[in-house]
Structure formats: C-alpha cells, structure tokens
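Everything below concerns the one structure shown next.
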Amino acid sequence: MTNLEVNIVVKLPDTPGTLVELISPISDNGGNIYSILHYHDKKINNMIPVEITFDLNEELKDISLEKIQKELFEKNIPIDKITFGAKKRHFVIIITGHVFDTDVLDTIKRLAAKGIKTKELQAKFTELEEVSNVKFKFEVPETIEEKEFIEELKKICEEKNLSLIRA
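At position 113 of the sequence shown (counting the first as 1) the number is 115 in the numbering used here, and the numbers step up by one without a gap.
Right, here's the structure in full:
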C-alpha cells in the first residue's frame, strides 16, 4: 500500500471545539493524522493558523481530498494551502526466531540507516527460551525498491538465524 503525505494549512477561530471540526473530516475520509501545529504567535483577529499533516492512501487520494475539502468548506474552515510530501509504502512482515535475543533494536537501527522506518512492532511473549513471532510494519521510501528492502531484511535475518514471512 502506498500512502501520500498531505499538509493542509487553515485558519481557525481561537474557540473551544474548532480543532475537532478540522480533524473530523480528515479522519472520517481516511486521513491518518500525525501532526497538528498551532501558531498562536501568528494569531490575527482571533484566527490561529493551524497546520495539519496526515497520510492518505494514494489510490483514494483524489476522492478523499475532494470530500475533505467539501466538508471543511461546509464548516466554514477556509484552506490556505495544501501541499503534498513524499509517497510512502508500508509492508507488514513477520519475523520468527529469537528476535529479541538477537537484538531487535540493532535490526531496527540498521534498517533506519537506510531510510526504512519501523512504524509498528507487535509481539506476544511466552517463555524467554522460546521462539517469538514478531509482526513489523515498515515504511519504505519510494527511493528504495521493494526487492532491495526485502533483500536487506533477508540478509539481517540470515545473520541472526531468523525467518522472514511476508504478511
């Protein structure tokens, strides 16, 4: 799945509840919000510039953005600017073996050095001696081919005697 980073700048009245009015149309239409900045120091006529950054599924971008813009317009929230950032692809991988005993932090740091971010890590712990199954969600930049990402992960898994399963 490929996501696109979207950044919207609006002006909101400095009154309780207005931020919810901004957030709702974005989250209701598939936006995964991860940053909201209020510029209180730039307040003019009781209006505060707010910058909100979120991811949208690239395939649904046009439809979702159209709905978001329409709903914000209906709520009298004018959009000052919309910009798009980098495309992001997410991969879910399960690594099985002694994932924690072989230094999972080292694995994460080695991938991060190549621009690959670990967005989620889920594990179920049983006994320390037992093999663990760890589910990772990785964010891979467009500049890295899927094959290159998988090869790098396989190399790390081979070094650590771990198994890789594509989810």
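No residue lacks a Cβ here, since even glycine has one placed at the ideal position from N, Cα and C. All of these numbers come straight from a predicted model, not from anything done at the bench.
| Asked | Found |
| --- | --- |
| Rounded Cβ spacing between Asn-70 and Pro-27 (contact assumed at less than 8 Å) | With the sequence shown as reference, residue 70 is identified as Ile, and Asn is not the correct amino acid for it. Yes, they are in contact, since the Cβ atoms of Ile-70 and Pro-27 sit about 5 Å apart, within 8 Å. |
| Pairwise C-alpha distance: Asp-105 and Glu-132 | 15 Å |
| Asn-47 versus Val-8 - alpha carbon distance | 27 Å |
| Distance CB(His-100)-CB(Lys-139) smaller than 7 Å | no |
| Nearest-angstrom Cα separation, counted from Asp-57 out to Leu-166 | 27 Å |
| Cβ-based burial, Gly-33 [other Cβ within 10 Å; buried from 16] | buried |
| Three-state class that DSSP yields for Asp-103 in the structure shown | coil |
| Option nearest Thr-59 by Cα separation, candidates Asn-78, Ile-35 and Glu-147 | Looking at the sequence shown, residue 59 is not Thr but Asn. With distances taken between Cα atoms, Asn-59 lies closest to Ile-35. |
| Beta bridge counterpart(s) of Leu-58 as assigned by DSSP | Leu-6 |
| Span separating the alpha-carbon of Thr-120 from that of Thr-85 | 25 Å |
| contact_flag[the region 106-115, the region 70-81] where n(CB pairs < 8 Å) is 3 or more | no |
| Short Cβ contact (7 Å threshold) for Lys-63 with Glu-144 | no |
| Proximal residues to Asn-163 (C-beta, below 8 Å), its chain only, five neighbours per side dropped | Gly-99, His-100 and Thr-104 |
| Nearest-angstrom Cα separation, counted from His-42 out to Glu-53 | 12 Å |
| Among Ile-97, Ile-25 and Glu-129, the one whose alpha carbon lies nearest that of Leu-74 | Ile-25 |
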